[in-house]
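For the protein sequence lines, the chains are A and B, in the order given.
102 is the number of the first residue of the first sequence in this note's numbering; add one for each residue after it.
102 is the number of the first residue of the second sequence in this note's numbering; add one for each residue after it.
What follows is a set of notes on a single structure, which appears directly below.
2 protein chains.
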Amino acid sequence: MITKNEIKFVRSLKIKKNRIKSDQFIVEGEKIVDELIDSSLELVKVYSTSSKYESLDKLYTKISKTNLLQISNLKTPNKVVAIFKIPKSGEIDFTSQIIALDNISDPGNLGTIIRLCDWFGIKDLLCNTETVDCYNPKVVQASMGSISRVNISYLDFKKLFIEKKLNLVAADLKGESMNKFSFQENQIVVFGNESLGLSPEIKKIIKNRVTIPRYNSNYDIESINVANSVAIILSELKNRSTGR
Amino acid sequence: MITKNEIKFVRSLKIKKNRIKSDQFIVEGEKIVDELIDSSLELVKVYSTSSKYESLDKLYTKISKTNLLQISNLKTPNKVVAIFKIPKSGEIDFTSQIIALDNISDPGNLGTIIRLCDWFGIKDLLCNTETVDCYNPKVVQASMGSISRVNISYLDFKKLFIEKKLNLVAADLKGESMNKFSFQENQIVVFGNESLGLSPEIKKIIKNRVTIPRYNSNYDIESINVANSVAIILSELKNRSTGR
Numbered sequence: 102m103i104t105k106n107e108i109k110f111v112r113s114l115k116i117k118k119n120r121i122k123s124d125q126f127i128v129e130g131e132k133i134v135d136e137l138i139d140s141s142l143e144l145v146k147v148y149s150t151s152s153k154y155e156s157l158d159k160l161y162t163k164i165s166k167t168n169l170l171q172i173s174n175l176k177t178p179n180k181v182v183a184i185f186k187i188p189k190s191g192e193i194d195f196t197s198q199i200i201a202l203d204n205i206s207d208p209g210n211l212g213t214i215i216r217l218c219d220w221f222g223i224k225d226l227l228c229n230t231e232t233v234d235c236y237n238p239k240v241v242q243a244s245m246g247s248i249s250r251v252n253i254s255y256l257d258f259k260k261l262f263i264e265k266k267l268n269l270v271a272a273d274l275k276g277e278s279m280n281k282f283s284f285q286e287n288q289i290v291v292f293g294n295e296s297l298g299l300s301p302e303i304k305k306i307i308k309n310r311v312t313i314p315r316y317n318s319n320y321d322i323e324s325i326n327v328a329n330s331v332a333i334i335l336s337e338l339k340n341r342s343t344g345r
Numbered sequence: 102m103i104t105k106n107e108i109k110f111v112r113s114l115k116i117k118k119n120r121i122k123s124d125q126f127i128v129e130g131e132k133i134v135d136e137l138i139d140s141s142l143e144l145v146k147v148y149s150t151s152s153k154y155e156s157l158d159k160l161y162t163k164i165s166k167t168n169l170l171q172i173s174n175l176k177t178p179n180k181v182v183a184i185f186k187i188p189k190s191g192e193i194d195f196t197s198q199i200i201a202l203d204n205i206s207d208p209g210n211l212g213t214i215i216r217l218c219d220w221f222g223i224k225d226l227l228c229n230t231e232t233v234d235c236y237n238p239k240v241v242q243a244s245m246g247s248i249s250r251v252n253i254s255y256l257d258f259k260k261l262f263i264e265k266k267l268n269l270v271a272a273d274l275k276g277e278s279m280n281k282f283s284f285q286e287n288q289i290v291v292f293g294n295e296s297l298g299l300s301p302e303i304k305k306i307i308k309n310r311v312t313i314p315r316y317n318s319n320y321d322i323e324s325i326n327v328a329n330s331v332a333i334i335l336s337e338l339k340n341r342s343t344g345r
């Protein structure tokens with residue numbers, strides 16, 4: 102049996118300040134929940150209409166479909182809602198290639214970027230403090246389990262970029278063509294906001310710019326989606342680093 | 102003044118069968134509406150809280166904020182809702198490189214793929230008849246105006262691929278590495294559904310497969326988002342065709 106207080110608590114995890122207070126986040130759907138149970142994340146609770154989680158003993162509560170609808174954030178809830186502890190960010194390996202996100206606001210974009218980092222073996226994803234929270238339910242769902250395999254750190258970029266000597270390059274519409282740019286082993290590629298691009302203070306700090314070539318003489322098209330830009334740059338950077 | 106019947110009609114365009122019946126679709130927001138008014142698309146009507154569209158004369162109706170909320174599909178409506186004629190698909194240029202989508206279901210994915218085709222100078226986008234309708238309001242919004250610059254055709258792929266001798270390759274998890282694959286001038290790259298991949302009948306017809314290399318020895322990550330895959334393949338294909 103799920104209690105009224107539990108229902109209230111699970112629902113409260115939609116909101117960032119409640120996640121921070123409890124250090125917990127929610128995940129939905131059999132596939133991703135099963136993947137995260139098998140990951141290094143600490144499971145707090147599983148609420149499911151299915152008995153397949155019985156072996157989790159006290160961590161499992163069987164619920165009705167009505168209860169599932171009450172605690173789910175999805176239009177069509179899928180059998181299970183789980184709660185996990187938010188892990189502490191690990192140490193950042195600044196000798197490796199890193200992706201950094203400056204003011205990314207769309208949860209779907211952040212989720213698919215986490216997946217891209219996982220696919221391309223990027224261990225560290227840096228987000229400035231204004232970027233959408235990676236434990237937002239929509240980000241977690243879009244990350245499809247990759248959230249447990251990428252070390253995500255929220256940082257004050259201005260402070261970090263000024264204090265540490267880092268190998269920074271910003272993706273921008275006006276820069277050196279990606280095809281000519283020489284990506285380094287410790288390259289950090291910074292991507293800006295979906296509609297506003299890089300923030301002015303980051304533009305001031307980072308002088309290196311890299312651009313994805315446009316193959317259209319019609320300049321009506323101004324940009325492509327930021328997650329697609331990350332995809333293209335990561336593919337190029339990794340193919341180049343490994344000598345294709 | 103907008104009439105009750107007009108409100109009903111505009112709202113009805115959310116549904117595919119009503120768009121087909123009227124041959125019209127809706128677009129929202131100043132930036133994309135202005136871009137489409139300047140495009141080759143035929144404007145039917147502009148409803149706006151702003152007087153900036155007055156010069157459109159009979160095609161313009163000034164509306165209240167309350168009316169805007171009634172006809173908008175967005176959470177935070179932005180000044181203007183416009184209706185355009187659905188254009189007839191143009192002839193397909195099979196001598197050029199083409200992207201083909203087999204059962205893509207997410208409107209956001211289709212919208213960003215249309216933008217990618219525009220960016221990379223792909224003139225023709227083929228969709229099988231099961232792929233989400235490109236005049237779905239969510240697709241139009243995500244395409245950000247590119248919908249007027251890419252020739253989108255809905256076709257029976259099985260029939261097309263069997264009848265015409267085409268240079269087909271399917272993006273798949275098990276195939277030749279994209280880095281070694283030799284893309285042709287008339288290459289058609291086919292992408293499958295977000296969770297199910299290529300449909301069995303298409304798999305039977307297309308023998309060539311191309312794969313985006315994964316740089317992660319951890320095989321927990323199964324795939325990346327389909328729009329990101331299109332982004333990576335298009336970048337590689339175009340860079341290669343133009344000799345970088």
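For glycine and all other residues, C-beta sits at the position ideal for the given N, C-alpha and C.
Predicted, not measured: the structure shown is a model, and the values here were computed from it.
> Using a Cβ-Cβ cut-off of 6 Å (strictly less than) and excluding sequence neighbours within five positions of residue 243/B, which residues of its own chain qualify?
Replying inline: 209, 212, 213
>> Can you tell me whether residue 170/A is buried or exposed? The criterion is at least 16 other CB atoms within 10 Å of its CB, across all chains shown.
In response: exposed
> Using a C-beta to C-beta distance shorter than 7 Å, which residues of chain A count as neighbours of residue 339/B?
Replying inline: 316
> So, helix, strand or coil for residue 154/A, using DSSP?
Replying inline: helix
>> Any beta carbon of chain B sitting closer than 8 Å to that of residue 284/A?
In response: no
> If you draw a straight line from the C-alpha of residue 327/A to the C-alpha of residue 313/A, how long is it?
Replying inline: 11 Å
> Do you know whose CA, among 339/A, 261/A, 231/A, 249/A, lies nearest residue 293/A's CA?
Replying inline: 231/A
> With respect to the beta strand (DSSP E) encompassing residue 144/B, which residues constitute its N-terminal and C-terminal limits?
Replying inline: 144 to 149
> Among residues of its own chain, excluding the 5 on either side of residue 255/A, which ones have a beta-carbon nearer than 6 Å to its beta-carbon?
Replying inline: 228, 230
> Measuring CB to CB, does residue 252/A end up less than 8 Å from residue 151/A?
Replying inline: no
> Between residue 274/B and residue 132/B, what straight-line distance do the alpha-carbon atoms span, to the nearest angstrom?
Replying inline: 38 Å
>> Would you say residue 293/B lies against chain A (beta-carbon separation less than 8 Å)?
In response: no
> Should residue 164/A be labelled buried (16 or more other beta-carbon atoms within 10 Å of its own) or exposed?
Replying inline: buried
> CB residue 127/A to CB residue 184/A, shorter than 8 Å?
Replying inline: yes
> If you measure beta-carbon to beta-carbon, which residues of the segment 201 to 219 of chain A are closer than 8 Å to chain B?
Replying inline: 209, 213, 216, 217, 219
> Bridge partners of residue 186/A, per DSSP?
Replying inline: 125/A
>> Check for me: the beta strand (DSSP E) holding residue 240/B runs from which residue to which?
In response: Segment 238 to 244 is the alpha helix (DSSP H) holding residue 240/B; no beta strand (DSSP E) there.
> Helix, strand or coil: how does DSSP classify residue 212/A here?
Replying inline: helix
> Any C-beta of chain B sitting closer than 8 Å to the C-beta of residue 250/A?
Replying inline: yes
> Hey, is residue 332/A's beta-carbon within less than 8 Å of any beta-carbon in chain B?
Replying inline: yes
> Can you name the residues of chain B whose CB is closer than 7 Å to the CB of residue 179/A?
Replying inline: In chain order: nothing, as chain B lies at least about 12 Å away.
> For residue 228/A, does the three-state DSSP call read helix, strand or coil?
Replying inline: strand
> In three-state terms, what does DSSP make of residue 267/B?
Replying inline: coil
>> Below 8 Å on C-beta distance, what does residue 183/B contact in chain A?
In response: Ordered by position in chain A, no residue passes the 8 Å Cβ test against residue 183/B, which lies about 17 Å from the chain.
> Of the residues that make up the segment 231 to 250 of chain B, which ones have a beta carbon closer than 9 Å to any beta carbon in chain A?
Replying inline: 243, 245, 246, 247, 249, 250
> Relative to the alpha-carbon of residue 322/B, which residue among 338/A, 143/A, 217/A has its alpha-carbon at the smallest distance?
Replying inline: 217/A
>> Per DSSP, what are the beta-bridge partners of residue 310/A in this structure?
In response: 271/A
> Could you give the distance in angstroms between the alpha-carbon of residue 144/A and the alpha-carbon of residue 329/B?
Replying inline: 31 Å
> So, is the C-beta of residue 321/B closer than 8 Å to a C-beta in chain A?
Replying inline: yes
> With respect to the alpha helix (DSSP H) encompassing residue 330/B, which residues constitute its N-terminal and C-terminal limits?
Replying inline: 327 to 342
> residue 263/A: buried (16+ other C-beta within 10 angstroms of its C-beta) or exposed?
Replying inline: exposed
>> Quick check on residue 222/A - is its C-beta less than 8 Å from some C-beta in chain B?
In response: yes
> Among 245/B, 123/B, 280/B, 220/B, which has the Cα closest to the Cα of residue 341/B?
Replying inline: 280/B
> Whose C-beta lies closer than 7 Å to the C-beta of residue 269/A among residues of the same chain, with five residues either side of it excluded?
Replying inline: 262, 289, 291, 307, 309
>> Does chain A have any CB closer than 8 Å to the CB of residue 271/B?
In response: no
> So, does the CB of residue 172/A fall closer than 8 Å to a CB anywhere in chain B?
Replying inline: no
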